[in-house]
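**Q** The structure that follows is given in the form of structure tokens.
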Amino acid sequence: MFPNRLNPDVVKLQKMNPLAFEAIEPRIAKDSSAYDTSLANLSRNEFTSEGRGSDYLDSIQLSLLARSEGVMELLGKMHPDGCDGLCSSMIICDLLAGDGYVNKVAHQILGATRCPTFINSDISQFMVDRCIRDGLFAIWQSATDPFWIRDGSVDGVLMAYGTHHIPQAQRPAAVHAAARILRPGGVFVLHDFEEGSPTARWFAEVVSTHSVTPHDYPHFTAGEVLDLFAAARFDEVTVQRITDPFVFYAEDEESVLQSLANYVVKMYGLEKLRADTQRVLVLLDEYFGLALTETSRGGFEARIARNALVGSGRRV
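What follows is the structure, encoded as structure tokens:
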């Protein structure tokens, strides 16, 4: 189907996951060099080794499943039967994949036979390189211009955990791009932390103040999500608020609180709070409420209840 003129990286992707590769635009697979310069400029964001990219990756190593409840609820919206309907023949393009976090969580919880086939996509080359290093199918592109993906070639599109990084003027292009690459009947799920919510204030007031990088991005509103989905002509549109918590377990109270604090410091690159665990915990309780409970099996659970705004719609 594709001649030997494909570069070695593309051939590697084809061998890695032939099903995912079916969604790749043949013309781009042969020559993506025209996009490299513009992507290199866009890729200089906070999720690099110079920003908080390494800290973020370290947080995933501390706990892969800390955010799994929210992840699985998002994936459940991709199928009428929820997560029970997910399977490996279903192709989901994660347009803000980072290091492939959603893919990794899904594989861990669902197993290989039920985990969808993911196309992990991100504007950060640093993150895409990490995906590929970890054996995940990943491509370097912007959520506003997923040029690698053929029209009508995927079953689901996810845009989550960083959607507010897309400039407001470019958000219509991103939603239209999601519609373009979806098959008829395919589902688009958009997730963000609502403007004015405790999580949005956490970013503006805590992350911007204590992180190694500033974080001044306008978050989505419910009205904006509805308008974007309507303009892209999605059907069966819903906008909901879900709980998207951080959850940790340990044998004793001190350990579980320390794990939560360490994770949050790494997750958000809170370099200025790295040595002040107690201050991190106070801030988490102030913004989200920190629930510490003893589990029925012994040990303790620490939970902070972030709430997220989620829009979903079906391509006509």
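Taking the working numbering, the leading residue of the sequence shown gets -15, the next gets one more, and so forth. For glycine and all other residues, C-beta sits at the position ideal for the given N, C-alpha and C.
#1: Going by other Cβ atoms of all chains shown within 10 Å of its Cβ, with 16 needed for buried, is C71 buried or exposed?
#2: Just how far apart, CA to CA, sit I107 and N291?
#3: Going by other Cβ atoms of all chains shown within 10 Å of its Cβ, with 16 needed for buried, is P2 buried or exposed?
#4: By Cβ distance, which residues of its chain are closer than 8 Å to R98, with the 5 residues on each side in sequence left out?
#5: What does the alpha-carbon distance come out to for the pair F272 and N246?
#6: Would the segment 114 to 123 count as touching the segment -6 to 8 if we require 3 or more Cβ pairs under 8 Å?
#7: On a Cα-Cα basis, can you pick out the residue from E235, P156, G170 that is closest to D135?
#8: According to the Cβ coordinates, are I76 and V138 closer than 9 Å?
#9: Should the segment 147 to 161 be called in touch with the segment 205 to 219, which here means at least 3 C-beta pairs below 8 Å?
#10: Determine the DSSP secondary structure at W186, reduced to helix, strand or coil.
#11: Could you check which residue in D129, A90, L79 has the C-alpha nearest to that of V112?
#12: Where do the ends of the beta strand (DSSP E) carrying D113 lie?
#13: Out of I150, L293, R117, Q262, state which residue places its alpha-carbon closest to the alpha-carbon of S126.
#14: Distance check for V141 and M56, CA to CA, integer angstroms please.
#15: Once the 5 residues before and after Q242 are set aside, which same chain residues still bring their CB inside 7 Å of it?
#16: Are F177 and E237 touching if we call contact CB-CB under 9 Å?
**A** To lay it out plainly:
#1: Note on C71: under 16 other CB atoms within 10 angstroms of its CB, so exposed under the neighbour-count rule.
#2: Rounded to whole angstroms, the separation of the alpha carbons of N291 and I107 is 25 Å.
#3: Exposed, because fewer than 16 other Cβ atoms sit within 10 Å of the Cβ of P2.
#4: So the list reads L70, C71, S72, once near-sequence residues are dropped.
#5: Between F272 and N246, the C-alpha separation is close to 17 Å.
#6: Short answer: they touch.
#7: Per the C-alpha coordinates, the member of E235, P156, G170 positioned closest to D135 is G170.
#8: Result yes, Cβ atoms of I76 and V138 sit closer than 9 Å.
#9: Taking 8 Å as the limit for Cβ pairs, the verdict is that the segment 205 to 219 does touch the segment 147 to 161.
#10: In the structure shown, W186 sits in a helix (DSSP, three-state: H, G or I).
#11: Comparing Cα positions, the closest option is L79.
#12: Where D113 is concerned, there is no enclosing beta strand (DSSP E), although the alpha helix (DSSP H) around it starts and stops at 109 to 117.
#13: Looking at I150, L293, R117, Q262, the one whose alpha-carbon comes closest to that of S126 is I150.
#14: Taking the straight line joining both Cα atoms gives about 14 Å.
#15: Once the five neighbours on either side are set aside, the close Cβ partners of Q242 are T261.
#16: Taking 9 Å as the cut-off, the Cβ atoms of F177 and E237 do not count as close.
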